[in-house]
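Visitor: When we follow this note's numbering, the leftmost residue of the sequence shown carries the number 10, and every step to the right adds one. We put the CB at the ideal spot given by N, CA and C, even for glycine. Quantities reported herein were computed from a predicted structural model and do not represent experimental measurements. Below: one structure in structure tokens.
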Amino acid sequence: MKKENLTSRDLQAIESRRKIFNTAVQLIAEKGFDNVTVEEICKKSGVAKGLFYHYFKSKSDIVIETYMDVDIKFSAEVMALPATATPYDRIICAVSFQARYAKAKGLEFVKQIYKHQLDTGTAFFISEDRAFFRLIRDAIREGQQENQIRSDVSAEVLTRLVLSISRGITYDWCLHDGDYDIEEVMKRSFLMLLPSFHTI
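Pasting the structure below:
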């Protein structure tokens, strides 16, 4: 639906959904996922409980929405790269974006996301159908086709390695209570790692 075709009712619905989501994110960061109720989210948002369930099936959908938000914003950032960007540039862009997003959301929220993932598990978090996974894999495949990236290891395996390390750095940042610049460490780590991807 084009923005100019939206009715006032459509705009109100978009605003209500956004308000519920942002309020939930704030409360989860402050109190922890398990300590926040749907009732509390609705009360602070100033909406009826039924409206929450109109937009979200459960509280866990807020977490999934966060992952989808990452993918949408990341995809836009990759698309904005110049045509001259190499596969390595795109990988660095991906992991740097992940670090910036963590900083933007805040340490406490990221901690709660990881805690929820460890306690409950959301398949979408590690899904290979996510745009985040596919865009990194496609960059690696392109590098393999151009003989810039080794082909003795599949693009899928290399992509999983990239994501395992980037998630590990994010988790370490949480363990250290955010006492270092995650974006700087993420970028430096991958600048050391990526030469091992070079064609043998």
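With DSSP collapsed to three states, give me the class of H125.
Guide: helix
Visitor: What runs of the alpha helix (DSSP H), each 4 residues or longer, lie entirely inside the stretch 131 to 180?
Guide: Whole alpha helix (DSSP H) segments, 4+ residues: 140 to 154.
Visitor: Please report the straight-line C-alpha distance between M88 and C102, rounded to a whole angstrom.
Guide: 11 Å
Visitor: So E192 and K112 are supposed to be a Cβ contact under 8 Å. How far apart are they, rounded?
Guide: 7 Å
Visitor: Are the beta-carbon atoms of K53 and L36 separated by less than 8 Å?
Guide: yes
Visitor: Per DSSP, which one or two residues make a beta bridge with H207?
Guide: I158
Visitor: Between K11 and F206, what straight-line distance do the alpha-carbon atoms span, to the nearest angstrom?
Guide: Bear in mind that the predicted position of K11 carries a pLDDT of just 48, short of 50, making it too unreliable to give a figure here.
Visitor: By Cβ distance, which residues of its chain are closer than 6 Å to T179, with the 5 residues on each side in sequence left out?
Guide: A111
Visitor: According to DSSP, is S198 part of a helix, a strand, or is it coil?
Guide: helix
Visitor: Let me confirm a value: H217 is counted as buried when at least 16 other C-beta atoms fall within 10 Å, else exposed. Which label applies?
Guide: Given a span of 10 to 209 for the chain in the structure shown, any question on residue 217 remains unanswerable.
Visitor: If we count the other Cβ atoms within 10 Å of its Cβ and call it buried at 16 or more, is P91 buried or exposed?
Guide: exposed
Visitor: If contact is defined by three or more beta carbon pairs under 8 Å, each pair taking one atom from either stretch, is the stretch 65 to 74 in contact with the stretch 135 to 150?
Guide: no
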